[in-house]
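Numbering (this note's numbering), first residue to last: 4 to 489.
Think of the CB as a built atom: it goes at the ideal place given N, C-alpha and C, for glycine as much as any other residue.
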C-alpha cells in the first residue's frame, strides 16, 4: 500500500492503472461513536448536520436555510410544502417529486454541507472530525448515476482539499482512487473532472499553491507538464465555469461536442500553457434570489478573485486574460487594482500581464441594466446589474484607468462584439435587444471584431473555424511568439 504522497502523484499521472489505489472504505466500517453508540449511514449524515447547526453560527443565510429544511424534513418525514418559502431554490427535477422523498432529503443535506464547506478553516475542521468524508461516500454511492448530486459532492470534497488537515483523510477513507476515476472521466462530466483536478492539485505536496472554491485548474491536469504561460478565464453575469466556455448549443447533438473548449481545444492547440478559470455567482435581480448573498461591488468581487488567483500561483509567469461580459470588467478591475497597489505581489501580477481577450464586454455600460425595471417578475436589479448601467461613472472611470495601463505597458488586446439581439424575460414577457452595443464593446485599443451572434454566444464558437475561436487562437499564438516563450 503506497503512502499519501505517492498515491497523489500516481493519481495525477496520465493513464495510471486505477487498481493501484485503495478502494473506498466499505459501508460497514463507515461509522463513528456518538454518545457511546455506533452510528452510520443516514443517521450519521443527519447527526453531523445537527451538530453543525447547533455549534456553528458563522455561515451564510443560504446554508442556514438548507440546514433547517433538511433537519425538519428528516424529523417530520412528511409533506411540508407550506414550509418552503423559496421553492425556486430547488431544481425542477427534485421539486416534481412528492415531498418528502429520500432524494430531496439528501439534496438538502448535500446543499447544507456545501455551504459549511465554504465557511472557513475551523468549520471545515469540524466537518472532517465529525465524519464528513464517510457521509460523502454514502451520497456518492447512493447517487452514482446522478451527475447533479455527484457535482455537489465533488464541490464539497474539493473545498475540503484546500486545508492540509484534510489530506490524510482523503487517503484513509479511500477517496484518492475516486478522484483519479473522476479526473479521467469524459470531459462532458465537467463538474467531476474539474473538481478532481482541483482536489489532487491541492493534495500534491510538491505544489506550493492552492485552489480555492472560486478557482479551477482546467489544464494541465496531470503532473510533469511544462508551463510557460498562464491563461485565465473569467465568466460574466449569470455565467459559470461549467457552462460559459462551452461550444455553441447548435452543436449540442454532435458526437465531439465540448462543454469546455479551453480544455478540449485550446490546451491541445497551444503547448506549455496553464489554463485557470475563475468561478463566482451573480444574479440579475435581488428579487427571489435563491440564497441571500453579500452585496459585492465590481471592486469587491475583483479583489476576491485576485486574491484567489494569487493563492493559485498566478503572477509568477506571463498571463493572458480572457473575459466574457462582466468577466472582462473584472479583469480590468484586477489590473487597475494591481496598478494602484504598492504590494510587490500585485505589481508582479501586473508586470506579467501581457494580453487581454474581451468577448462582449460592456466597457461603457449595457442596456441590460435598464431591463429589470420593465421585465415581468424582475423588479429589484442586483448590485452587479446596477453597476453595468450605460455610461456608469464607475465603468467610465475604470475604462480610463485601464486604457492608461494598456498604453503605458503596451498590452496586447483583442475585443469581440455581438451583432444579434438577445432575449431576456419571464414566461409572459420577452424582450429582444443588443445586450452590449458595438460601441460599448469596443475597447478603443487593439483589435476589434464583430461577430454574427448574440451576447451569450460570442464566447461559444460553433467550431474551431469560427471567428471567435480562430481569431483568439491566432492572437494568443502571436502574443506567445512575441514573448519568446513557445
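- Sequence-distant partners of residue 402 (beyond 5 residues in either direction) whose C-beta falls short of 7 Å from its own C-beta, in its chain, are 366, 367.
- Residue 15 has its alpha-carbon roughly 24 Å from the corresponding atom of residue 131.
- Per DSSP, the beta-bridge partners of residue 358 are 323, 415.
- Taking C-alpha positions only, residue 323 is separated from residue 233 by approximately 6 Å.
- As the crow flies, the alpha-carbon of residue 26 is around 33 Å from that of residue 59.
- Annotation: residue 173 to residue 207 spans about 12 Å, alpha carbon to alpha carbon.
- For residue 480, the closest alpha carbon among the candidates 360, 125, 52, 200 is that of 360.
- Taking each of 143, 193, 404, 219 in turn and checking the Cα distance to residue 338, the smallest one comes out for 404.
- Boundaries of the beta strand (DSSP E) harbouring residue 277: 276-281, taken from the DSSP string.
- Using a Cβ distance threshold of 8 Å, residue 245 and residue 194 count as a contacting pair.
- In the three-state reduction of the DSSP assignment, residue 224 falls in the coil class, being assigned neither a helical nor a strand state.
- Counting C-beta atoms within 10 angstroms of its own C-beta, residue 348 has fewer than 16 neighbours from the protein chains shown and is therefore classed as exposed.
- In the DSSP annotation of this structure, residue 60 is not part of any beta strand (DSSP E), being labelled neither H nor E.
- If the five residues before and after residue 171 are omitted, its C-beta is found closer than 7 Å to the C-beta atoms of 7, all from its own chain and listed in chain order.
- Under the three-state reduction of DSSP output, residue 451 falls in the strand class.
- Under the three-state reduction of DSSP, residue 156 is assigned to helix.
- Put simply, the region 109-117 touches the region 60-71. At least three CB pairs are less than 8 Å apart.
- Here residue 395 is not near residue 439, since their CB atoms are 8 Å or more apart.
- Annotated three-state conformation of residue 78 is helix, per DSSP.
- In the structure shown, residue 392 adopts extended strand secondary structure according to DSSP, grouped into three states.
- Out of 460, 317, 138, the CA that lies nearest to the CA of residue 213 is found in 317.
- Annotation: residue 187 to residue 466 spans about 24 Å, alpha carbon to alpha carbon.
- Take residue 311, set aside five residues on each side of it, and the residues of its chain with a beta-carbon closer than 6 Å to its own are 215, 217, 218, in chain order.
- The C-alpha of residue 243 lies about 7 Å from the C-alpha of residue 283.
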